[in-house]
């Protein structure tokens, strides 16, 4: 293998697959990047026991070939190099060693033969569909924080991807709150069937980090595997085995009251007031009237804070309390100008809406 690649291109590719690689004592080659040079591209691959992430970067390929190099150390070396061209070639004396130079820097890096690197099993797709990467990543970011971190609840550790009647639903819940996004599939996209799959959270993280937002992603699915493919990246992952609970059962059929408020101003107020709280189990409180909502909180350790915000209430005044973390998290990912909170009373599930297709359900806390 002999190639020239810019520092910028190589570093960009390494960053996209870096997080897949974990320490694997049983199979050391899985600690390495697989580098495959052919035509005018260098494909960089990282794997773990459940996922494979491959991405292409532009390169001048003089001699095609492939090798594996120690993942984290190779990334550290490339990160430290100056901008410019990197020349890489396998040593004529040892095909498992790479000679690397960039300006005045020179490295001789020990690797392992690519012959021992895990190969991708042939996938026979059951169904597939495509949509803009921007829409998939947006949906995942708006729900994935609501997944469960309880390892005994395996299905809830991941994110549900469901297709029904031309509609894609992405959902996550930890049993105390639910976040979901519904998107109409692009015109002409027919997956050929309806179904549900559970995507592991690590894969969700890779999708949000690795895929270029200006591209289209094709999602190929089987009962146990998913492949997410764009122009330059392919992520193959095992799916979580299990049945996702009927999350729609927690969504009230209707709401009798609603209050509208400016999202950005509300998030700022919520952040400021919650600073006096001492732990995540403390409550943030809303006293809602026709045109104003007072946000307040208190703790023995730090005292009390309160701040009003202009709102528009359609319903009766009430006071209601929430876990501040559960309320703040969705606000980080929404883009709407106006946030809508729907409710029936201060002891039954409440809905947050705003962005098209987004719904967030959470339970109030007991009023303090």
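In this note's numbering, the protein residues as written are 1 to 368. From the three backbone atoms N, C-alpha and C, an ideal C-beta is built for every residue, glycine too.
Apart from the five residues just before and just after residue i, which ones in its own chain have a Cβ nearer than 6 Å to its Cβ?
i	result
residue 360	179, 330 and 352
residue 290	313
residue 110	97
At which residues does the beta strand (DSSP E) containing residue i begin and terminate?
i	result
residue 148	No beta strand (DSSP E) holds residue 148; DSSP gives it neither H nor E.
residue 101	97 to 102
residue 35	32 to 38
residue 324	From DSSP, residue 324 is part of no beta strand (DSSP E) but of the alpha helix (DSSP H) over 324 to 331.
residue 303	303 to 310
residue 233	233 to 238
residue 361	358 to 362
residue 277	First-last for residue 277: undefined, no H or E at that position.
residue 365	Segment: none, residue 365 is in no beta strand (DSSP E) and carries neither H nor E.
Spatial neighbours of residue i within its chain, please: C-beta separation below 7 Å, excluding the five flanking residues on both sides.
i	result
residue 307	269, 272, 273 and 295
residue 22	48
residue 246	none
residue 29	68, 112, 116 and 117
residue 31	21, 23, 24, 70 and 71
residue 62	2 and 3
residue 134	213
residue 375	Nothing can be reported for residue 375: it is not among the residues displayed for the chain, which extend from 1 to 368.
Over the uninterrupted alpha helix (DSSP H) stretch that includes residue i, give me the two end residues.
i	result
residue 78	71 to 80
residue 267	263 to 273
Per DSSP, what kind of secondary structure is residue i in: helix, strand or coil?
i	result
residue 205	helix
residue 1	coil
residue 106	strand
residue 132	strand
residue 142	helix
residue 335	coil
residue 61	strand
residue 17	helix
residue 374	Lying before the first or after the last residue shown, residue 374 is absent from the chain, which here runs from 1 to 368.
residue 292	strand
residue 10	helix
residue 251	coil
residue 47	strand
residue 115	helix
Using CA coordinates, which residue listed in the options is at the minimum distance from residue i?
i	options	result
residue 38	58, 52, 30 and 51	58
residue 123	233, 85, 230 and 222	222
residue 173	163, 145, 151 and 193	145
residue 164	206, 140, 350 and 195	195
residue 126	85, 190, 19 and 76	190
residue 5	324, 26 and 101	101
residue 232	238, 211, 249 and 250	211
residue 154	138, 19 and 175	175
residue 64	204, 171, 88 and 358	88
residue 225	216, 199, 205 and 206	199
residue 317	75, 293 and 86	293
residue 243	357, 157, 259 and 193	157
residue 355	91, 120 and 141	141
residue 284	197, 149 and 322	322
What residues in its chain sit with their C-beta under 8 Å from that of residue i, if we drop five residues either side in the sequence?
i	result
residue 328	267, 270, 271 and 274
residue 13	42, 44, 55, 56 and 57
residue 167	182, 183, 184 and 185
residue 129	163, 168, 185, 189, 190, 191, 218 and 219
Next item on the list: Mind listing, in chain order, the continuous alpha helix (DSSP H) runs of no fewer than 4 residues lying wholly within the region 162 to 231?
Entry: 201 to 210
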